[in-house]
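Asker:
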Amino acid sequence: MSFALFMDGDMGEQTGKLVTFIINMVSMSLGFILIPLLPMPLPYIVAFLVAYATYKEKPYGMMTGSLLISLGLIYHLSRIGFFQIFPSPIMKIFILSIIIAPFTLCPAVISNNLHIIAIDMGIIAVALLCFEQSFYLAIPLILVFATIHRCRGIAFTFFYYAFISIPLQVIHYLKTFEPGVFPPLYT
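Numbering (our numbering), first residue to last: 33 to 219.
The structure is reproduced here in structure tokens:
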């Protein structure tokens with residue numbers, strides 16, 4: 033499979049932007065529904081707006097969508113009392129900055145449509161973890177994308193996969209925690 037449509041001249045740029053728009057809208061919709069921050073019809077509308085902003089200006093649209101996903105993660109972590117584990121306010125701010133940093137730094141350094149698609153593949157891989165029938169497809173999706181796209185874009189996929197799935201695993205663990213009982217990763 034070739035990504036020549038993304039790289040050959042003006043037609044390639046328009047085709048790449050259109051494919052990126054579609055994949056970005058799907059992944060942002062999954063991300064906003066997976067980590068609910070907004071009432072139900074709004075995730076689709078916001079995902080469309082983020083995809084359109086990404087279509088027009090690459091880093092700003094992706095940064096907006098990424099920050100919304102990180103705010104959803106922070107909201108759900110705070111609902112279950114995750115930040116009460118840390119005693120000092122400085123430690124809480126440090127943990128918050130660790131959660132928010134990859135969602136602001138990765139979109140700031142993207143340079144082409146394939147990097148945006150790499151970020152979207154990380155979001156889609158995390159979304160696959162949440163469904164019982166498809167959780168085993170998350171890592172193969174990342175590996176297939178890694179074999180097709182052999183640049184630094186795959187690092188974006190791994191960063192987004194790790195920085196979204198680890199807080200979701202913490203949320204799941206803290207919701208099902210009983211002393212002496214190890215919860216399953218996904219149920």
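All C-beta atoms in this analysis are idealised placements derived from N, C-alpha and C, irrespective of residue type, glycine included.
Remember, predicted model here, so these are calculated numbers, not experimental data.
Can you tell which of Met95, Tyr107 and Asn56 has its C-alpha closest to the C-alpha of Leu69?
Answerer: It is Tyr107.
Asker: Buried or exposed: Ala24, going by 16 or more other Cβ atoms within 10 Å of its Cβ?
Answerer: Past the edges of the chain, shown from 33 to 219, lies residue 24, and the structure says nothing about it.
Asker: If you check the beta carbons only, do Ile122 and Ala83 fall under 9 Å apart?
Answerer: No.
Asker: Beta-carbon within less than 7 Å of Leu257's beta-carbon, same chain only, minus the 5 sequence neighbours each way: which residues are those?
Answerer: With the chain represented from 33 up to 219, any question about residue 257 goes unanswered, as that position is not in the structure.
Asker: Leaving out the 5 sequence neighbours to the left and right, which residues in its chain are closer than 8 Å to Val202 when beta-carbon positions are compared?
Answerer: Same-chain partners within the cutoff: Leu109 and Phe114.
Asker: Taking three-plus beta-carbon pairs below 8 Å as touching, is the region 72-88 in contact with the region 164-175?
Answerer: No, the region 72-88 is not in contact with the region 164-175.
Asker: Val51 and Asn145 - do their beta-carbons sit closer together than 9 Å?
Answerer: Cβ distance < 9 Å, so Asn145 and Val51 count as in contact.
Asker: Compare the beta carbon distance of Ile112 and Gly63 with 9 Å and say whether it is the shorter of the two.
Answerer: Contact: no.
Asker: Assign Cys183 to one of two classes, buried (16 or more other C-beta atoms within 10 Å of its C-beta) or exposed (fewer than that).
Answerer: Cys183 is exposed by the Cβ-count criterion.
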